[in-house]
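J.: Below: one structure in structure tokens.
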Amino acid sequence: MFEKEQEIIAEKIRAFCAEKDIPLGELKWMPIPFSGEWGISTSFFATAAAEAKAGKSKGMPVPVRAQEIAEAVKNGISVLPGISRGEAVKGYLNLYFSTAEVALKVVESALSDGIRFGAGHPKNERVMVEYAQPNTHHSFHIGHYRNTILGESLARIVQFAGFETIRASYPGDIGLGVITVLWAYEKFYKGQEPADIHERGQWLLKIYAEATNRLAEKENETPEEKAQREAYDAERREMYRKWDAGDEYVRKLWLDTREWSLDELRDILHMMDVKIDVWFFESEVDEPSKKIVDELIVRGIASDERGNGGPVIVKIDEKLGLAKEKYRVAVILRSDGTTLYLTKDLALAEQKFDEFHVDRSIYVVDNRQSLHFQQAFKILELWGFKQAEKCYHLAYGFVSLPEGAMSARKGRVALFKEVYDESIARVLATIAEKNPSMPENERVGVAQKIGMGALAYSMLSVDNNKDMIFDVNEALSFDGHTGPYIQNAVVRANSILKKAVESGKWKLESQEPATYGYPLSTHEIELIEQMSRFPNVVQQAANEYRPLVVAAYAYDLATAFHSFYHAVPVLQTDDESVKSARLRLVAAAKQVMTNALYLLGISAPDVM
RNA sequence: GCCCUCGUAGCUCAGUGGAUAGAGCGUUGGCCUCCGGAGCCAAAAGCAAGAGUUCGAGUCUCUUCGAGGGUACCA
């Protein structure tokens, strides 16, 4: 928030150093730690080291010389805008803000910018974020949830930072897994589907698990069992062939059952407040991707080995002249001429850039597919697709359970809907215990916000590249480093403001900006300091594609608020001008916390 | 074999090359007839090992050890 001031000060320092013939290095600004006060700091170690290298140090140790420079600069620059005093400590130049001025600026801009406080300037760049890619004919589990909340949070952050943002979903609606469900449904369960959207989605998953067991080779199987299994498999492959040939019956069966999965997916996205702009389906890039393969063969980039019963491959390492294996050999068309996941991603990339004119394309996909994307992007590059360098795979660690990896076949899956229902139940129990006066008709709405807040925060407060073990009891904890902790800070702020309004003497909109000339407590300074960080936090998170940065910040901000709340009286203050200033601070803090939570896909209720 | 992640407190995780490595859970102790105790204040406890680069390394490079994932027709 203080870029202008920093730049003016930096300019003064540069002028001073130029005059004194000091080879000033880059000026990096940091907050001052341990001060209890408030300001910015920069060090002169790099400058002192540069002098030493140039032989100008006269044998003086770098830290000592850095301190000498810091003192010289401190004495050499006179009055600075918004700075009350300066000091030179251990090679650092610390500049302390005039608290009244900065407090006013931070609080008033948070109040006047409102839900836009912290937003970045337009970047004139269009970014597509692809996430929410569950396979159809399968139910949405907690791993899909991590993907979706990560992608949604990233999309919100990038958009808020100033990029035009397109949200894309890419469900896997075809492949052997899908056909397996289709086959089993048709053969054993036709017409038996439950009516409820979620029950029906989960029912498809049960069919899938059962079918894969039927088709799996067992130990010590009898000749009859073996024959049965092979007959089943032949039926399944025949169904895949018919799908590929456009058989009307199979296609209709496929579309009907696919719709059941999409019904469930859309409902979950609605629960998460996710609005997808563009839907891509694997089945729709199937044909276009075959054309790309043809072109790659013609251009000599791919080798067609179908003549010898082999597939179409790209020897990526060989094409790049790499001695060590890195990108390896990629199969881009099966020997029977059908496409693979990789094939379809080539066509999808082309579509994203050519049809939607995006400048950058981010793929939120788990890290087990890192090689897949390295191969896809390299093949695009070999093909001459310039935007290949604008494709970025945002890998995240996969989610497993305390009992081990999730497995539909073993029936070991944490379904999103079940976790969601459990979260509602737990919040309702907590409300009954802690806030029994809450009217019954408000409880479910509040429980949804708190339950989802806990779940979202538990996912986003772990860095995306880390694998994660999903423990329901930890994810649905409401104490400590959690979403509800932050939501509770908003609720407390809201409670103060509501009481102020109810007193009839105060109204946010009709108040003049307050003055902060009274001695601010360290809690107020810390809170305002945290609020002022928000715009930079947004930019950092967007640049690094890391919602975690916002998640960590939101917690720090809430902690500052809770401490303030506990230690500093607001409504109990006798001095009317101090009370007014603190009420505006509370309103501003509530706004910043709300904005930060929004970027995490979390909304805060007024009461909880 | 090769490639990619990762290793920080008993557990789960933060930590722009910069000053005294921070949280939560758990453990222990405190919180006044005071705006909501889903809270606040405090205590104990830690960078896998070794070299290197640097004025300065949890952070960058290399080696070793350990964990997970990937590695030609699944997605």
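Per the working numbering, the very first residue in the first sequence carries number -18; after that it's consecutive.
We put the beta carbon where it would ideally sit given N, CA and C, even for glycine.
#1: Taking 8 Å as the threshold, find out whether the region 497 to 517 comes into contact with the region 428 to 435 through three or more Cβ pairs.
#2: Return the first residue and the last residue of the beta strand (DSSP E) that residue 111 is part of.
#3: Taking the alpha carbon of residue 515 as the reference point, which residue from 277, 324, 90 has its own alpha carbon closest?
#4: Starting from the N-terminal side, write out each stretch of the beta strand (DSSP E) that is 3 residues or longer and does not extend beyond the region 96 to 148.
#5: How is residue 22 classed by DSSP in three states: helix, strand or coil?
#6: I need the straight-line Cα distance from residue 44 to residue 51, nearest angstrom please.
#7: Alpha carbon to alpha carbon, what distance is there between residue 428 and residue 527?
#8: If you follow the beta strand (DSSP E) that residue 347 is part of, which residue opens it and which one closes it?
#9: List the endpoints of the continuous alpha helix (DSSP H) containing residue 251.
#10: From this set, 48, 251, 15, 12, which residue's C-alpha is nearest residue 27's C-alpha?
#11: Classify residue 252 as buried or exposed, calling it buried when 16 or more other Cβ atoms lie within 10 Å of its own Cβ.
#12: Quick check on DSSP: helix, strand or coil for residue 582?
#13: Measure how close the beta-carbons of residue 441 and residue 134 come, nearest whole angstrom, since I'm counting them as under 8 Å.
#14: Less than 8 Å between the C-beta atoms of residue 239 and residue 117, yes or no?
#15: Could you check how far apart the C-beta atoms of residue 326 and residue 106 are, in whole angstroms? I think they sit under 8 Å.
#16: Which same chain residues end up closer than 8 Å to residue 424 when comparing Cβ atoms and leaving out the 5 residues on each side of it in sequence?
#17: Quick check: does the Cβ of residue 564 come within less than 7 Å of any heavy atom belonging to the ligand ADP?
#18: Using the Cα positions of residue 284 and residue 265, report the straight-line distance between them to the nearest angstrom.
#19: Measure how close the beta-carbons of residue 577 and residue 531 come, nearest whole angstrom, since I'm counting them as under 8 Å.
#20: If you run the structure through DSSP and keep just helix, strand and coil, what is residue 419?
#21: Less than 8 Å between the C-beta atoms of residue 524 and residue 345, yes or no?
#22: In angstroms with no decimal places, state the Cα-to-Cα distance between residue 54 and residue -8.
#23: Who does residue 295 pair with in a DSSP beta bridge?
#24: Does the separation of the CB atoms of residue 529 and residue 445 fall below 8 Å?
#25: Taking 8 Å as the limit between beta carbons, can you name the residues of its chain near residue 478, skipping five residues before and five after?
#26: Compare the beta carbon distance of residue 337 and residue 109 with 8 Å and say whether it is the shorter of the two.
#27: Is the CB-CB distance between residue 5 and residue -6 below 8 Å?
#28: When burial is assigned at 16 or more other CB atoms within 10 Å of the CB, is residue 450 buried or exposed?
#29: Would you mind working out which of 399, 79, 73 sits nearest residue 60, comparing C-alpha positions?
#30: Check whether the region 205 to 222 touches the region 179 to 197, counting contact only when three or more Cβ pairs, one atom from each stretch, lie closer than 8 Å.
#31: Which residue marks the beginning of the beta strand (DSSP E) containing residue 376, and which one marks its end?
#32: The beta strand (DSSP E) that contains residue 81, what's its start and end?
#33: DSSP three-state call for residue 306: helix, strand or coil?
#34: How many angstroms separate the CA atom of residue -15 from the CA atom of residue 10?
#35: Measure the CB-CB distance between residue 260 and residue 150 and report whether it falls below 8 Å.
#36: At a cut of 8 Å, does the region 223 to 231 reach the region 81 to 100 through at least three beta carbon pairs?
T.: The structure says:
#1: no
#2: Residue 111 sits at position 130 when you count from the first residue of the first sequence. Start and end: 107 to 112.
#3: As a working mapping, residue 515 is identified with position 534 in the first sequence. Comparing Cα positions, the closest option is 90.
#4: 107 to 112
#5: Taking the first residue of the first sequence as position 1, residue 22 is located at position 41. In the structure shown, residue 22 sits in a strand (DSSP, three-state: E or B).
#6: Locating residue 44 in the first sequence gives position 63, where the first residue counts as 1. Locating residue 51 in the first sequence gives position 70, where the first residue counts as 1. Distance between the alpha carbons of residue 44 and residue 51: 10 Å.
#7: The residue labelled residue 527 in the question sits at position 546 within the first sequence. The residue labelled residue 428 in the question sits at position 447 within the first sequence. Going from the Cα of residue 527 to the Cα of residue 428 covers about 27 Å.
#8: To locate residue 347, count along the first sequence from 1; it is residue 366. Its beta strand (DSSP E) spans residues 341 to 347.
#9: Residue mapping note: residue 251 aligns to position 270 of the first sequence, counting from 1. Segment 229 to 252, the alpha helix (DSSP H) holding residue 251.
#10: Against the first sequence, residue 27 aligns to sequence position 46. Closest option to residue 27, Cα to Cα, is 48.
#11: For this step, residue 252 is matched to residue 271 along the first sequence. Exposed, since its Cβ has fewer than 16 Cβ neighbours within 10 Å.
#12: Here residue 582 refers to the residue found at position 601 of the first sequence. Coil, per DSSP.
#13: In the first sequence, residue 441 corresponds to position 460, counting from 1. In the first sequence, residue 134 corresponds to position 153, counting from 1. Between residue 134 and residue 441 the Cβ distance is about 6 Å, and since that is below 8 Å, they are a contact.
#14: As a working note, residue 239 is residue 258 in the first sequence. As a working note, residue 117 is residue 136 in the first sequence. Yes, the pair counts as a contact, with Cβ atoms nearer than the cut-off.
#15: Here residue 326 corresponds to residue number 345 of the first sequence, with the count starting at 1. Here residue 106 corresponds to residue number 125 of the first sequence, with the count starting at 1. Actually they do not touch by this definition, with Cβ atoms about 23 Å apart.
#16: The count along the first sequence starts at 1 and reaches residue 424 at position 443. Around residue 424: 409, 412.
#17: The ligand ADP is not part of this structure, which contains no ligands at all.
#18: Counted from its first residue, the first sequence places residue 284 at position 303. Counted from its first residue, the first sequence places residue 265 at position 284. Cα-Cα distance, rounded: 25 Å.
#19: What you label residue 577 is simply residue 596 of the first sequence in a count that begins at 1. What you label residue 531 is simply residue 550 of the first sequence in a count that begins at 1. At roughly 6 Å, the Cβ-Cβ gap stays under 8 Å, so residue 577 and residue 531 are in contact.
#20: Taking the first residue of the first sequence as 1, we reach residue 419 at position 438. Three-state DSSP puts residue 419 in coil, outside helix and strand.
#21: Here residue 524 refers to the residue found at position 543 when the first sequence is read from its first residue. Here residue 345 refers to the residue found at position 364 when the first sequence is read from its first residue. Cβ distance not < 8 Å, so residue 524 and residue 345 don't count as in contact.
#22: Stepping through the first sequence from its first residue, residue 54 is reached at position 73. Stepping through the first sequence from its first residue, residue -8 is reached at position 11. Cα-Cα distance, rounded: 12 Å.
#23: What you label residue 295 is simply residue 314 of the first sequence in a count that begins at 1. Paired residue(s): 311.
#24: Translated into the one-based positions of the first sequence, residue 529 becomes position 548. Translated into the one-based positions of the first sequence, residue 445 becomes position 464. Going by C-beta atoms, residue 529 is nearer than 8 Å to residue 445.
#25: Within the first sequence, residue 478 is the residue found at index 497, counting from 1. Once the five neighbours on either side are set aside, the close Cβ partners of residue 478 are 489, 564, 567, 568, 571.
#26: Reading the first sequence from its first residue, position 356 is the one you call residue 337. Reading the first sequence from its first residue, position 128 is the one you call residue 109. It is a contact, given that the beta carbons lie within the stated cut-off.
#27: Counted from its first residue, the first sequence places residue 5 at position 24. Counted from its first residue, the first sequence places residue -6 at position 13. In this structure, residue -6 lies closer than 8 Å to residue 5 by Cβ.
#28: Locating residue 450 in the first sequence gives position 469, where the first residue counts as 1. Exposed is the call here.
#29: Taking the first sequence and counting its residues from 1, one reaches residue 60 at position 79. Out of 399, 79, 73, 79 has the C-alpha closest to the C-alpha of residue 60.
#30: yes
#31: Stepping through the first sequence from its first residue, residue 376 is reached at position 395. Residue 376 -> beta strand (DSSP E) spans 372 to 377.
#32: Against the first sequence, residue 81 aligns to sequence position 100. Counting along the chain, residue 81 falls outside any beta strand (DSSP E), though it belongs to the alpha helix (DSSP H) covering 80 to 94.
#33: Taking the first residue of the first sequence as position 1, residue 306 is located at position 325. The answer is coil: DSSP assigns residue 306 none of H, G, I, E or B.
#34: Residue numbering aside, residue -15 sits at position 4 when the first sequence is read from its first letter. Residue numbering aside, residue 10 sits at position 29 when the first sequence is read from its first letter. Those two C-alpha atoms are separated by around 13 Å.
#35: Numbered from 1 along the first sequence, position 279 holds the residue referred to as residue 260. Numbered from 1 along the first sequence, position 169 holds the residue referred to as residue 150. Yes, the Cβ-Cβ distance between residue 260 and residue 150 is below 8 Å.
#36: no
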